[in-house]
Amino acid sequence: MFRVLLMVLIPGLVSFSFVSTQTVNADSSGDFLEGPAPPGANDPDCRPDEEHPEPVVLVPGTFETMAQNWAVLAPFLSKKGYCVYALNYGFSKAGPSTGPIEESASELKAFVEQVLAHTGAEKVSIVGHSQGGMMPRYYLKFLGGAGNVEDLIGLAPSNHGTEGLAGLKATWPAVDLFSCAACRQQQAGSEFLRKLNEGEEAPGSVSYTVVATRTDEVVVPCTSGFLKGPPSRVANITLQDVYPYDQVEHLGIPYDPHAFQFVLDALAHPGPADPDRVR
């Protein structure tokens, strides 16, 4: 079912043959909001309110754009009252979100700073899928981002890499793994991941929520997305522990209504998501 949905939502996913970068300018006009956005995202007139003080920044996964990855979650969060922002990043010959992760994290840093300037908010919350759930940790740990972020919510994030890139190739035969720098960096044991995970895995006062799925065929094992940290700030959740009949896979989790419940819970309460509140 989810593969059919993704075929509808993600036409021509790997047809990119150009190299591009997303640029942002230091102003609060909304001009930094570039590219086709998913419904409900990048509304320049949206302003946070008392009930929803942090804008939500959506970060897509490898080979995906914001319009593809967040076609369902963005309007869902917008209808719940959140100001939703999304970006594309890391364009290379291999497609979107495939460039070196350090450079992608710098793009995220610039985007978050623009969102804060534009909205007047003190912090944002970040929701990311796959690489998009892991890459922001580089921004938090090495680029001074921890003070700008309230929550980091990862849906099937590749925090400790994967041994399952063959699963991605099997699902999307046309993907260009050879030209994908971010793919190599997400291999379990890579130099990039050793640096990212050395020392504190969940730095700052940020609340970290990881939502994994046992049927993940790309982030393998699925628990490799889990983070070490105090329970007051880090929640490692396996979706099937709460929704045992939900067999959503890696590509389907950013469209999964059960996964959305953990996102909402984390955004609505201090600290990370709590499965007991979601049950």
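So the sequence shown is residues -26 to -1, 1 to 253, counted in mature numbering (1 follows the signal peptide of the UniProt record, and there is no 0).
Note that the Cβ used here is the ideal one computed from N, Cα and C, for glycine as well.
Per DSSP, which residues does residue i bridge with? Please list them.
{"i": "V33", "result": "G102"}
{"i": "I227", "result": "None, per the DSSP bridge assignment."}
{"i": "L129", "result": "H103, V185"}
{"i": "T197", "result": "In the DSSP output, where bridge partners are listed per residue, T197 has none listed."}
{"i": "G69", "result": "S66"}
How long is the line joining the alpha carbons of residue i and residue j, rounded to whole angstroms?
{"i": "G55", "j": "N16", "result": "14 Å"}
{"i": "T39", "j": "G163", "result": "26 Å"}
{"i": "H232", "j": "A68", "result": "31 Å"}
{"i": "G226", "j": "A130", "result": "10 Å"}
{"i": "G245", "j": "L126", "result": "10 Å"}
{"i": "D250", "j": "F152", "result": "43 Å"}
{"i": "residue 257", "j": "P12", "result": "The displayed coordinates of the chain run from -26 to 253. Any statement about residue 257 would go beyond what the structure contains."}
{"i": "G199", "j": "Q160", "result": "11 Å"}
{"i": "E137", "j": "H92", "result": "40 Å"}
{"i": "L82", "j": "S71", "result": "11 Å"}
{"i": "A247", "j": "A60", "result": "21 Å"}
{"i": "G135", "j": "D23", "result": "37 Å"}
{"i": "D19", "j": "V89", "result": "12 Å"}
Over what stretch of residues does the beta strand (DSSP E) that includes residue i continue unbroken?
{"i": "D19", "result": "Taken as a continuous stretch (DSSP letters only), D19 belongs to no beta strand (DSSP E), as it is neither H nor E."}
{"i": "S181", "result": "181 to 186"}
{"i": "N210", "result": "208 to 212"}
{"i": "V58", "result": "58 to 60"}
Please name the residue, chosen from the options, that lies closest to residue i on a Cα-to-Cα basis.
{"i": "Y63", "options": "L167, L32, D215, K97", "result": "L32"}
{"i": "A95", "options": "F166, H26, S80", "result": "H26"}
{"i": "F85", "options": "Q105, V58, A68", "result": "V58"}
{"i": "G102", "options": "P246, P231, V185", "result": "V185"}
{"i": "E124", "options": "P110, T136, K169", "result": "P110"}
{"i": "S132", "options": "F152, S99, S153, F166", "result": "F166"}
{"i": "G173", "options": "I211, G135, K115", "result": "K115"}
{"i": "G203", "options": "P177, S71, A247, Q42", "result": "P177"}
{"i": "S66", "options": "P218, C157, Q88", "result": "C157"}
{"i": "W44", "options": "G106, A155, Y113, D215", "result": "G106"}
{"i": "C196", "options": "V216, H224, D215, Y217", "result": "H224"}
If I follow the unbroken alpha helix (DSSP H) through residue i, where does it start and stop?
{"i": "A91", "result": "75 to 93"}
{"i": "N171", "result": "165 to 171"}
{"i": "P249", "result": "249 to 252"}
{"i": "L51", "result": "47 to 53"}
Counting beta carbon pairs with one atom in the segment 201 to 208 and one in the segment 173 to 185, are three or more of them shorter than 8 Å?
yes
Would you call the segment 42 to 53 in contact with the segment 114 to 121, where contact means no fewer than 3 C-beta pairs closer than 8 Å?
no
Please confirm if the segment 229 to 240 is in contact with the segment 188 to 206, defined as three or more CB-CB distances below 8 Å between the two stretches.
no
Any contact of the segment 70 to 79 with the segment 4 to 11, i.e. 3+ C-beta pairs under 8 Å?
no
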